[in-house]
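Here's the structure, in structure tokens; my notes come after.
Right, here's the structure in full:
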């Protein structure tokens with residue numbers, strides 16, 4: 029804005045007085061809120077426009093949740109590792125009752141794994157049954173070699189020496205369970 | 011408004027676009043940036059009708075928001091908003107106030123008292139007739155030219171010049187007589 033000359037111009041003192049007048053005045057906060065409410069009523073403002081502060085809070089909450097999940101997963105993994113079958117098998121400080129329990133756990137784990145393998149491959153892979161049987165037979169031989177129990181060893185020898193004939197249950201349950 | 015609000019750094023045009031998209035935060039930044047200046051202009055134009063300032067300010071902002079989609083950005087937003095505010099304030103003037111004579115119009119203007127302060131000037135401005143106050147405020151405080159004042163107040167530029175001369179004359183008389191004692 030350029031001023032155009034006016035015949036009766038202000039002198040220096042008058043200019044200073046005008047320059048000293050304040051140029052701003054803070055608006056009444058209540059009036060501002062009324063204005064915002066009116067604009068919202070008239071549809072100028074989105075009903076749920078998230079202010080930056082709310083967005084920051086949501087981001088902080090999401091970060092906290094993510095951190096919590098990560099810490100929980102890490103702690104869970106450490107716990108699972110400490111009590112895993114592999115970890116227990118590697119231990120040398122187990123008592124006899126603990127070892128019996130470990131044997132049961134390992135056996136159950138083997139059965140579960142073999143079951144899963146059979147289910148997953150029985151319809152797609154014709155050698156699955158044979159593979160499962162061979163694995164089980166290998167386990168039985170290992171039991172015989174360790175001679176854990178003479179009665180069990182005798183039973184196993186009897187089973188292993190019996191000529192294998194097609195079993196009516198093979199088609200549906202192809203693994204020899206113990 | 012938080013000090014680290016990233017919206018604070020956006021130019022007016024970006025804030026306007028966001029406001030037109032319904033973003034309340036953008037409007038608050040725009041309002042916070044321009045409301046203090048607009049309020050002071052309106053307050054000064056209203057003179058002794060200070061109690062009407064909130065209504066006029068609200069009216070100006072609502073008018074600006076309703077017409078924001080038509081703001082093409084060729085002028086500065088502050089000037090555009092000021093024009094709306096000036097018109098809203100001047101609409102409150104008493105009918106015929108532009109022809110309202112100043113009682114001391116014909117007397118010679120005395121020199122400005124040495125002790126006169128900005129407060130005295132403010133109070134003297136309040137006592138001017140509406141149109142004279144509007145012209146002197148817009149010209150000597152806000153810095154508008156006579157052509158701009160003429161457009162804003164719907165008067166001829168020559169009328170603006172004459173009104174300014176009368177207004178300054180009256181102001182000097184009021185200051186000499188001690189407007190602060192009123």
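Chains as they are written, first to last, in the working numbering: chain A, 29 to 206; chain B, 11 to 192. Each residue gets a CB set at the ideal place from its N, CA and C atoms; glycine is no exception. Keep in mind the model is a prediction, meaning the values are calculated, not measured.
In the assembly as shown, residue 54/A is an exposed residue. Its beta-carbon has fewer than 16 other beta-carbons within 10 Å. Counting the other Cβ atoms within 10 Å of the Cβ of residue 139/B gives 16 or more, which makes it buried. Listed along chain A is no residue with a C-beta nearer than 9 Å to that of residue 165/B; the closest approach is about 15 Å.
At least 7 Å separates the CB of residue 87/A from every CB of chain B. The CB of residue 42/A comes closer than 7 Å to the CB of 122 in chain B, given here in chain order. The three-state secondary structure of residue 165/B, taken from DSSP, is coil. Residues are counted here when their Cβ sits less than 9 Å from a Cβ of chain A; for the stretch 68 to 80 of chain B these are 68, 71, 72, 75, 76, 78, given in chain order.
Residues of chain A with a Cβ closer than 7 Å to the Cβ of residue 151/B are, in chain order, 46, 49. Looking only at 78/B, 81/B, 74/B, the smallest Cα-Cα distance to residue 97/B is reached by 74/B. Under the 7 Å criterion on CB atoms, residue 53/A is classed as interfacial with respect to chain B. Between residue 151/B and residue 87/A, the alpha-carbon positions lie close to 47 Å from each other. A distance of 7 Å or more separates the beta carbons of residue 122/B and residue 61/A. The beta carbon of residue 186/B is closer than 7 Å to those of 120, 123 in its chain, skipping five residues each way along the sequence.
Taking all protein chains shown into account, residue 170/B has 16 or more neighbouring C-beta atoms within 10 Å of its C-beta and is therefore buried.
Taken through DSSP and simplified to helix, strand or coil, residue 103/B comes out as coil.
Interface criterion not met: the Cβ of residue 147/A is under 7 Å from no Cβ in chain B. At a Cβ-Cβ threshold of 7 Å, residue 95/B and residue 48/B count as neighbours. The alpha-carbon separation between residue 48/A and residue 89/A amounts to approximately 50 Å.
Secondary structure of residue 15/B (DSSP, three-state): coil. Any Cβ of chain A closer than 7 Å to the Cβ of residue 62/B would place that residue at the interface, and such an atom is absent. Nearest to residue 178/B by C-alpha distance, out of 168/B, 156/B, 146/B, 126/B, is 146/B. Classified as exposed, residue 129/B has fewer than 16 neighbouring CB atoms from the shown chains inside 10 Å of its CB.
Straight-line measurement puts the Cα of residue 46/B at about 22 Å from the Cα of residue 103/B.
Using a CB distance cut-off of 7 Å, residue 59/A counts as an interface residue toward chain B. Counting only runs of at least 4 residues, the stretch 31 to 59 of chain B fully encloses the following alpha helix (DSSP H) elements, listed from N- to C-terminal order: 34 to 56. Chain A places no beta carbon closer than 7 Å to that of residue 139/B, leaving this residue out of the contacts. Using a Cβ distance threshold of 7 Å, residue 71/B and residue 63/A count as a contacting pair.
Separation of residue 68/A and residue 37/B (C-alpha to C-alpha, rounded to the nearest whole angstrom) is 11 Å. Neighbourhood of residue 62/A in chain B, by CB distance below 8 Å: 68, in chain order. In the structure shown, residue 87/A adopts helical secondary structure according to DSSP, grouped into three states.
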